[in-house]
Amino acid sequence: MQAPQSAGTLHVVATPIGNLDDLSPRAQRVLREVDAVCAEDTRHSRQLLARFGIATPLLALHEHNEEQLAGRLVARLQAGDSLALVSDAGTPLVSDPGYRLVRAARGAGVRVSPVPGPSALVAALSVAGLASDRFVFEGFLPAKAAARRERLAGLAAEPRTLLFYESSHRIVDALDDMRGAFGGRRPAVLARELTKLFETVLDGSLDEIAAAVAADPDQRRGEFVVVVEGAAEDTDARLAEGRRVYAALRAQLPPSTAARLAAELTGAPRKALYGGGDAG
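Under full-length UniProt numbering, the sequence shown has 18 at position 18, and the numbering climbs by one with no breaks.
In C-alpha cells form, the structure reads like this:
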C-alpha cells in the first residue's frame, strides 16, 4: 500500500542499556523532533528524555495494548505525524514489544526508519570471544523448569553460538539447566549489567560459571546475557541425541536415572551425560 506523500515516519530508536552517554546525537535529535514517542514504560522513558531536556509527549505502547493501538497510531502517521518507538532499554523489538506497530506501518506504506544504537545482545557477543560469524538468539527462556529444559534440549546439537537473556531470579536455575542440556564443560560467557557501574563478564565452562554465580550473591543481581559456544560440527550424533533425551527426562527424574535411561535409549555414553551435565 502506498502512503500519502504527506505521511510521517515511524522511527525505531535504540536507547541506552545502562550508560546514558550511549544515546547518540541522532537519537536525541529524532526524539526531540517527532510528534510523540511511543514508549514501553512512560515513567522510565520520561526520566531518560528529561535527562536530555527533551519534552516530546509520550504514549504508552506495550504488549497489552499494542494490538489495539497500532491502527490508531498508523492513522496518525498517515495524517503526517512522525513518531518514535522506544523500549525500556536497547533496540526496540529485540525481546520487546513493537513488531505489530512496525508491521502495521509497513503494511500501510508508511516509512519505518531505524535509529541504531545499543543492544545487550550485540554488546555481549562483541566481548564474549566466542564465534560470532553465525549465532542464534533465543531471547528469554521459559519460566517453568520443564519447558525451559525442553527448549534447551532442542538446542543441544546446535552448532551456532547461542545467546539468551535471563533475569536475576532465574539465572541460577537457567545455568544449571544449560549444564544439563549442553554438558558442564561447554564454553560460555555470562555478561551482567553491561555498560553499567557493576558490569561483569565471566568466562569459562558452564560448570565454572554456574559455580561462580552460586558462590557470589552479587553475581546473581541485575540483567544477564548468556553466550554459549555451539556444539562442535563433528559432535557425535548419539551424544547430541543423548543429551537432548537426558535433558527432557531430567525434568521428571533424578539425574542418575535420567542419564541411565537416556544412554539406553540413544546409545550415548552414560558418563558423558551425567558427568558432563551435573556437578558432583
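Here a beta-carbon is modelled for each residue, glycine too, at the ideal position from N, C-alpha and C.
- The beta carbon of Leu152 sits closer than 8 Å to those of Leu141, Asp177, Met178, Gly180, Ala181, Phe182 and Ala247, all from its chain and outside the five residues before and after it, given in chain order.
- Going by C-alpha positions, Ala262 is about 6 Å away from Val245.
- Residue state for Glu166 is assigned as strand, using DSSP reduced to three classes.
- Taking all protein chains shown into account, Tyr99 has fewer than 16 neighbouring C-beta atoms within 10 Å of its C-beta and is therefore exposed.
- Between Cys38 and Leu23, the C-beta spacing is not below 7 Å.
- Short of 8 Å from the beta carbon of Glu66, and not among the five residues preceding or following it, lie these beta carbons of its own chain, in chain order: Pro97, Gly98, Arg100 and Leu101.
- At a Cβ-Cβ threshold of 7 Å, Val86 and Thr15 count as neighbours.
- Taking C-beta separations shorter than 6 Å and ignoring five residues to either side along the sequence, the partners of Ala191 in its chain run Ala124, Val201 and Val225, following chain order.
- Using a Cβ distance threshold of 7 Å, Ala84 and Leu31 count as a contacting pair.
- The three-state secondary structure of Gly180, taken from DSSP, is helix.
- Remark: three or more beta-carbon pairs, one from each stretch, lie closer than 8 Å, so the segment 206 to 213 and the segment 164 to 177 are flagged as touching.
- Within the model, the alpha-carbon separation for Ala55 versus Pro255 is close to 57 Å.
- In the structure shown, Thr91 falls within a coil segment according to DSSP collapsed to helix, strand and coil.
- At a cut-off of 3 residues, the continuous stretches assigned as beta strand (DSSP E) that sit fully inside the segment 41 to 80 are 58 to 60.
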